[in-house]
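Notes follow the structure.
Chains as they are written, first to last, in full-length UniProt numbering: chain A, 1 to 461; chain G, 1 to 461; chain L, 1 to 461.
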């Protein structure tokens, strides 16, 4: 800007100073909230409504006109109306020609209609440039100013310039626009606010299934078996003892499942001799939810830690301990320290502590604000090197916990092995295969494949 | 950009290539730091100073001129001078006419002057376009490059274009501008850096008050009472036992206070039959500090967990345990397991663990970077569904802990009930009222009211 | 935008609607991934390649031409080729004149070449405007859309307008451009993806060194000494007991080292009587890694907490406890409660809990998303006030733990004092000096110096 123009502008502040007028069709909650926020941000706002009576709820500085009149006042029209009423726009097609129509609507169900609301709008008013935006923002959040949840506004549309205009408004309102491409993306954007943790579904259902299985498994071994054979009532094991068998088992299995797909992928790439063919669909999906699997595993590990640490203050444990000591005293016995036991006990505890510590570290680095501050090399170092170290420590923790009980027949009740033996299967497979894969004879070709080399190049470049 | 223009530009790189010169009035710490950063980002900088001698502290690439000369060189002038010296700008009014003046000043106290510094500046130099910015940034952070605290720069001003120019500079310096509206917002922006956790004041003072009350209450019951009646010195309870009574009580009460205002709001909306009337002021304020209340509750819950887990390694507890066992042994007694006690003990521990686990989950999702990555449905699911589940688990934990002690007269010393009984009052009220509110006969009208329906519509649309 | 122009535009949507064509030299992994992402974001893409046969791997909507033809189609050319092949650009110098060349290359080692790749490119094609960008982004992340690690794209270049054009593309791809200044910054930007936690190196090596020292120190005192004199095998102490001596000691020492440089800085400023002279280099570096030092200290403190809480479930501890109780019972002894011991035990536990709690709070506020939401006053309050309180609590925890053992000769084995005595040296120095520094006679001049006052002003302003 040159000084002259700057001075001129100051003399006539009202010419270039203004933002573009924005028109809002619909005076419902969302329309009003958006209008209010826009006026705050310096946009002149005109509402288009069936009745032009202003209500006290409509922001004072806004004009209320008929739809046709309001539309003529602005280049951008926000359609804050439900999809089923879009028909009324058809007669206005003439006036809306060339305008930017912003579809802010949401549906009640995922994929409720065959085409997205925004595409439907574009069909109804073919002359207009439709942009999808603002549907992820809540009216309440706009009004109260407490944007605790997302400040992100997904924007899509076929017209680049129209999209840019809408993104400028989004930015002016203090929100973050994210360009999602052409209007085809509208379906996905409309489904977004209806989603409930879609990436978490598989890990959570998997862990619920495994939890149910291991619950009944442990119930059989630890409650029903002693009740049948020894007439002892250990039903209260349901509260702590059994959960504390399930949690470590699930934590270990899920952690191993985080690293299993990477091992599969390496084997497939080695077998195919190229990295330029897509993985099977199930493997792709599995790889994309590894972070969620890992976090669910961390949740089970944390519960295991808490369940373990309360052991000494459980009424049952205090009763058992004091009974043991009393009977020792009555029998006049003083045991000497069993060094092997001391070693086993201390080392499985230490391995568990270190494994859990690294696990929490992995969890912290997966926080968005932390992972956004590391480069790729650091991210891979943490998620791969530290991740495998965690898996090794946790597997060793379980192995040492088992100690010499693996071969003891008393570990098998009704031929059922202890749960921790079952939990070791997948981690051990992952670790063994990974160990084989880092042998130079396999690691070298794998690295070359990953750098783009192909055994049977199909495409000359 | 077309290729031609691109080529032309390359031939004469110095014409369009430069950024606008920026003038800075004042060569103090902040002025120099800002100048230095601007030069790094490609802005030619000219300082306006009383004395035009350059000092070694002023960035080398900057020019130092008299105020009048410097002002003429730039369209944007940053006033890095304290408010009490603003008077010297009056004689420069002519030269400053039409310029953008950026007020970067801060005060020493909240609301120190009747009008904000920026508004005062706008009165002194009526022809200039005043923009408030940069006051939240520290000189030290600018210079050292370690912007550990906020990168956010609040900007406000009456002139849209001037504000835009300043926001472009903010962005070029690698900071994030946040448009706060007209110059009226300057007062708030100037108060911002002087604030010390304003949203946390109410939760912290409330919890300090409750802590003091429950401290003296427990002191009376647990230390003074046994001293008076049994001449026993339990003064060391002050270190762990009494804090471990206060923490769970406060955690539960504060958690219930997070959900109480929502219950009030629902009752008010049902009674009024509309959502379009403002809540009383105290309710509004209460609802806005729910997150902080919840996090303080989580802090107390975490302390409770730590205090509980160290119980077995307390010297007093080890003494009590070994004395009990010794006397058992001396009396030749072997107790049999009390299944009811085992159940009570294990289930209150399990409920506590699960409640705390969900509580921590709520805490993690309230981290800004996490809550920014979920949509509204997910945010509400976590904060409302999981939140109520946490409250139910924690209340049940306390109820089961009490067990059959509620009616035992030994629980009442000097007619004072146990602290945990007091802590149950508010949570139980919240849960009962919430349960009534989700009965269909109340939930249906409430949902309709929240969707905009009114029992006695006052405003025709 | 005026309504007229908006309508006109709609009639001829294909003129102004398009984004600028982007040319990409090189059809390797990164070039293809970037091309794919750009097409998604609405950019027409043309590849320049040695062979113009299209391969199925190249995005369908992209054209593949010879280098010369492709270059003529766009103003921006992305050089997705390795540095060693840059020579082929020399003959194209004519065509590339005035174009924006984007260097996206990375090296295999830090400072591999004397000049950065981008500067080398600028020397090879002097007529072009070279911009460094995109080198921190991974091809895999671009393709899969899972930008888990950084979305930040560092951009630098000598031509402001060229840089702006590239930054617009970065933004359109949904990434965050960070302007790093002139092309001189390219070296640093190219080194960035090769770095592995550079700020963490000093704290981690320091703590590894201290860990090794204290490990052998404790080994001597706790394993070798009793083995030599009492023939007892305590080798299993290596698993838990010795780590649990090392962790608290390191946590305390590292925490004190966080506050030591601030104390040094204050003394230097007081001595010099000015803040306008640079600190010695070692002090500057030390001050910049305080956050990392503190987080490593927190890691050790967390391990100490876990190691301490598992004490009661260690096999050795249960053996020792039951043996003590059995021998008490056999000797018919009932001990009375030692109030002093109860006080000491409970208060060092309580101090430790509170210290650890504040320490975790400090850790949480150092998360980027949290520290970005507080102002400077709040940040300083937490990091300085709460930090010193943490240091005081942790030092007191160690002092009380020692209790009356300091003077007991049994604490010295082979004249080696207990590790916790060594750990107290630095924290006590820091606290004593800090206490002296906040005495008014020193605090007042220090505050004035920090506000800019100089004892012997060297530079008149």
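Glycine included, every Cβ here is placed at the ideal spot set by N, Cα and C.
- Contact annotation for residue 181/A against chain L: 40, 41, 42 [CB-CB distance below 8 Å, chain order].
- In the structure shown, residue 134/L adopts coil according to DSSP, grouped into three states.
- What residue 94/G touches in chain A, judged by beta-carbon distance under 7 Å, is nothing: the nearest beta carbon there is about 11 Å away.
- At a cut-off of 9 Å between beta carbons, residue 290/L makes no contact with chain A.
- Apart from the 5 residues on each side of it in sequence, residue 296/G sits with its Cβ closer than 6 Å to the Cβ of 203, 207, 254 in its chain, given in chain order.
- For a Cβ distance threshold of 9 Å, residue set 349, 350, 353 of chain G lies close to residue 307/A, ordered along the chain.
- Beta-bridge partners of residue 78/L (DSSP): 24/L, 102/L.
- Within its own chain, the residues whose Cβ lies closer than 7 Å to the Cβ of residue 283/A, once the five positions on either side in sequence are excluded, are 261, 264, 265, listed in chain order.
- Residue environment: residue 110/G is assigned as exposed (fewer than 16 neighbouring CB atoms within 10 Å of its CB, all protein chains considered).
- The C-alpha of residue 154/A is placed about 7 Å away from the C-alpha of residue 136/A.
- Its chain contains 103, 130, 132, 183, 186 as the residues whose beta carbon lies nearer than 7 Å to that of residue 118/L, once the 5 sequence neighbours on both sides are disregarded; these appear in chain order.
- Using a CB distance below 9 Å, no part of the segment 122–133 of chain A faces chain G.
- Contact between residue 120/L and residue 83/L is confirmed by a C-beta separation of about 7 Å, below the 8 Å threshold.
- Between the alpha carbons of residue 310/A and residue 309/G lies a gap of roughly 6 Å.
- Membership of residue 305/L in any beta strand (DSSP E) is not indicated; the residue belongs instead to the alpha helix (DSSP H) covering 290–309.
- Residue 248/A is positioned such that its CB atom lies no closer than 9 Å to that of residue 213/A.
- For residue 378/A, the number of other beta carbons within 10 angstroms of its own is at least 16, and it is reported as buried.
- Close CB contacts of residue 317/A within its chain, under the 6 Å cut and outside five residues either way in sequence, are with 311 (chain order).
- The count of Cβ pairs closer than 8 Å, one atom from the segment 325–335 of chain G and one from the segment 323–336 of chain A, reaches three, so the stretches are in contact.
- The C-beta of residue 379/A comes no closer than 9 Å to any C-beta of chain G.
- Non-local C-beta neighbours of residue 93/G in its own chain, meaning closer than 7 Å and more than five positions away in sequence, comprise 125, 127, ordered along the chain.
- Linking residue 86/A to residue 77/G through their CA atoms gives a straight-line distance of about 50 Å.
- In this structure, the straight-line span from the alpha carbon of residue 394/G to that of residue 403/G is close to 14 Å.
- By the rule that beta-carbons nearer than 9 Å mark a contact, residue 111/G does not touch chain A.
- Under a criterion of Cβ atoms nearer than 8 Å, the residues of chain A adjacent to residue 357/G are, in order, 299, 302, 303, 306.
- Residue-level contact check: residue 439/G does not touch chain A, since none of the beta carbons of chain A fall below 9 Å from its beta carbon.
- Of 331/A, 288/A, 229/A, 349/A, the smallest CA-CA separation from residue 236/L is found for 349/A.
- A contact between stretches requires three or more CB pairs, one per stretch, nearer than 8 Å, and the segment 65–77 of chain G meets this requirement with the segment 95–102 of chain G.
- Relative to the Cα of residue 68/L, the nearest Cα in the group 58/L, 330/L, 88/L belongs to 88/L.
- Using beta-carbon distances, residue 192/L counts as an interface residue toward chain A, with a partner under 9 Å.
- The alpha-carbon separation between residue 240/G and residue 342/L amounts to approximately 10 Å.
- Within the model, the alpha-carbon separation for residue 415/A versus residue 436/A is close to 33 Å.
- In the structure shown, the three-state DSSP call for residue 178/A is strand.
- Residue 188/G carries a helical assignment under DSSP once its states are collapsed to helix, strand and coil.
- With respect to the 9 Å criterion, residue 165/L and residue 42/G are not classified as neighbours on the basis of their beta carbons.
- Against chain G, the CB of residue 141/L has no partner CB under 9 Å away; the residue lies outside that interface.
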